[in-house]
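Numbering (this note's numbering), first residue to last: 37 to 126.
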């Protein structure tokens with residue numbers, strides 16, 4: 037017969053192990069953000085295409101364009117996917 041506390045302890049050990057691994061991975065990802073941002077800006081200044089930079093950096097468009105804006109790189113305003121009713125009626 038299995039003791040419930042033993043099963044719980046095993047499950048909690050697994051949770052703790054995976055939680056620690058996740059925390060370490062997140063810390064490493066955070067550590068890499070600064071150097072990645074610098075590399076992204078350098079690539080943009082070198083003339084690399086924005087789509088290619090985003091693809092290789094594996095960041096969201098919001099993050100990429102936020103980095104561009106903070107570096108003084110011109111970013112055009114986000115276009116609306118749909119026209120508003122007023123724009124359509126004009």
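Backbone N, C-alpha and C define an ideal beta-carbon position, used for all residues, glycine too.
Fair warning: this is a prediction, and the values are worked out from it, not measured in the lab.
Where residue i sits in the DSSP three-state scheme
i           : result
residue 38  : coil
residue 61  : helix
residue 74  : helix
residue 106 : helix
residue 111 : coil
residue 55  : helix
residue 80  : helix
First through last residue of the alpha helix (DSSP H) which encompasses residue i
i          : result
residue 89 : 86-93
Distance cut-off 7 Å: residue i Cβ against heavy atoms of the ligand NAD
i          : result
residue 99 : Ligands in the displayed structure: none, and consequently the ligand NAD is not present.
inquiry  = Does the structure place the region 93-109 close enough to the region 75-83 that three or more beta carbon pairs sit under 8 Å?
reply    = yes
query = Counting pairs of beta carbons, one from the region 64-72 and one from the region 43-52, are three or more of them closer than 8 Å?
reply = no
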